[in-house]
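Trainee: Handing you this structure, nothing more for now.
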Ligand SMILES: Nc1ncnc2c1ncn2[C@@H]1O[C@H](COP(=O)(O)OP(=O)(O)OP(=O)(O)O)[C@@H](O)[C@H]1O
Ligand SMILES: O=C(O)c1ccc[n+]([C@@H]2O[C@H](COP(=O)([O-])O)[C@@H](O)[C@H]2O)c1
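As structure tokens, then:
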């Protein structure tokens, strides 16, 4: 599972999903747009538009799924509920992985029931270019016991419960914030998002361009 606000989805999200799947030999990657982001202001762009852009961006790519399960729940889109629902779908024995970028990982201690997340999935932290990972001391200490040295160790003994930081082959310094700023300024976003996402943004007049 790779969750996100995806406001809008960009090539680093999509490339990360593909490379994550390959690096860990995953059967599929559920890309899950949040309905109501738990720890940031509600985006001006609706969850329906963000999901539609994600679908357009994935464009049938093998192994990637645009997963709308958070849009079906009201209230904050807690990842704990999403993992619980994936675990129910796949059963107790399948290895589940939740992937998040460095920036999200640094704030894990502010998430809802962070320890309980590990009951449902492994956590993989994707190195984000231009970002030096810096964990609050207490969070770093707490995570030590759950650290896996490599992907083999991550999957060694249990379908959930450990974490690992991964540097993927094609890191990209792209962010949705930067894309929104470019659109606001009337600048090009060509080659930062898939062509179909660019078209959707234009056709729906999103981001005040
Ligand atoms: N360039 C990137 N490289 C690696 N991981 C990324 C990158 N951009 C986003 N992520 C990760 O993907 C997940 C979803 O990201 P999100 O939708 O918040 O995109 P974003 O570009 O960080 O958006 P914003 O700039 O609005 O915060 C998060 O876990 C985030 O850390
Ligand atoms: O469950 C939580 O408490 C929680 C708190 C902050 C973020 N998340 C999830 O982390 C993912 C990345 O968040 P964001 O804000 O970087 O798009 C996204 O799926 C969010 O729903 C989840």
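Residue numbers (the UniProt record's numbering): 1 to 209.
C-beta atoms are modelled at their ideal positions from N, C-alpha and C, and glycine is treated no differently.
Since the model is a prediction, treat every value here as computed from it, not as a measurement.
1. Applying the criterion that 16 or more other CB atoms from any shown protein chain within 10 Å of the CB defines a buried residue, is residue 77 buried or exposed?
2. Just to confirm my understanding: we take residue 170, look at its own chain, exclude 5 residues before and 5 after, and list those with CB closer than 6 Å. What are they?
3. Give the single residue among 112, 176, 119, 122 whose Cα lies nearest to the Cα of residue 38.
4. Confirm the yes/no value for this check: CB of residue 32, any heavy atom of ligand 2, distance under 8 Å.
5. Any idea which residues DSSP pairs residue 3 with across the strands?
6. Taking 8 Å as the limit between beta carbons, can you name the residues of its chain near residue 150, skipping five residues before and five after?
7. Threshold first: 3 residues or longer. Then list the beta strand (DSSP E) segments lying entirely within the segment 75 to 121, N to C.
8. Evaluate contact between the segment 94 to 111 and the segment 1 to 21, counting only Cβ atoms and requiring at least three cross-stretch pairs below 8 Å.
9. Using only the alpha-carbon positions, how far apart do residue 119 and residue 87 sit?
10. Would residue 17 pass as an interface residue toward chain B - the criterion being a Cβ-Cβ separation below 9 Å?
11. What residue range is occupied by the uninterrupted beta strand (DSSP E) comprising residue 165?
12. Run through DSSP, which three-state label would residue 71 get?
13. Using only Cβ atoms and a threshold of 6 Å, which residues come within that distance of a heavy atom of ligand 1? Order them by chain position.
14. Give me whichever residues DSSP pairs with residue 10 in a beta bridge.
15. Quick one: residues in its chain with C-beta nearer than 7 Å to the C-beta of residue 148, no 5 flanking neighbours on either side, listed in chain order?
16. So, do the segment 30 to 37 and the segment 56 to 72 have three or more beta carbon pairs nearer to each other than 8 Å?
17. Identify whether residue 199 lies in helix, strand or coil by the three-state DSSP scheme.
18. Which residue marks the beginning of the beta strand (DSSP E) containing residue 66, and which one marks its end?
19. Short check: CB of residue 61 to CB of residue 18, under 9 Å?
20. Measure the Cβ-Cβ separation of residue 206 and residue 8 and say whether it is below 9 Å.
21. Would you say the beta carbon of residue 170 is closer than 8 Å to some non-hydrogen atom of ligand 2?
Mentor: By the coordinates alone:
1. It is buried - the Cβ of residue 77 has at least 16 other Cβ atoms within 10 Å.
2. Excluding sequence neighbours, residue 170 sits near 15.
3. In this structure, 112 is the residue among 112, 176, 119, 122 with its C-alpha nearest to the C-alpha of residue 38.
4. Yes, Cβ of residue 32 sits closer than 8 Å to a heavy atom of ligand 2.
5. Residue 3 pairs with 32.
6. Around residue 150: 164.
7. Complete beta strand (DSSP E) runs here, min 3: 97 to 101.
8. Yes: at least three Cβ pairs fall under 8 Å.
9. For residue 119 and residue 87, the distance between alpha carbons rounds to 10 Å.
10. In the displayed structure, chain B is absent; only one protein chain is listed.
11. Segment 163 to 166, the beta strand (DSSP E) holding residue 165.
12. The DSSP-derived three-state label of residue 71 is helix.
13. Counting only residues whose CB is nearer than 6 Å to a non-hydrogen atom of ligand 1, the list in chain order is 4, 5, 6, 7, 12, 13, 16, 100, 101, 103, 104, 126, 128, 172, 174, 175, 176, 177.
14. Its beta-bridge partners do not exist; DSSP assigns none.
15. The answer, listed in chain order, is 154, 162, 163, 164.
16. Yes: at least three Cβ pairs fall under 8 Å.
17. Looking at residue 199 - three-state DSSP - the assignment turns out to be helix.
18. In the DSSP annotation of this structure, the continuous segment of the beta strand (DSSP E) that includes residue 66 starts and ends at 64 to 66.
19. Contact flag set, yes.
20. Residue 206 is a Cβ neighbour of residue 8, given a cutoff of 9 Å.
21. Checking every heavy atom of ligand 2 against the Cβ of residue 170, none is found closer than 8 Å.
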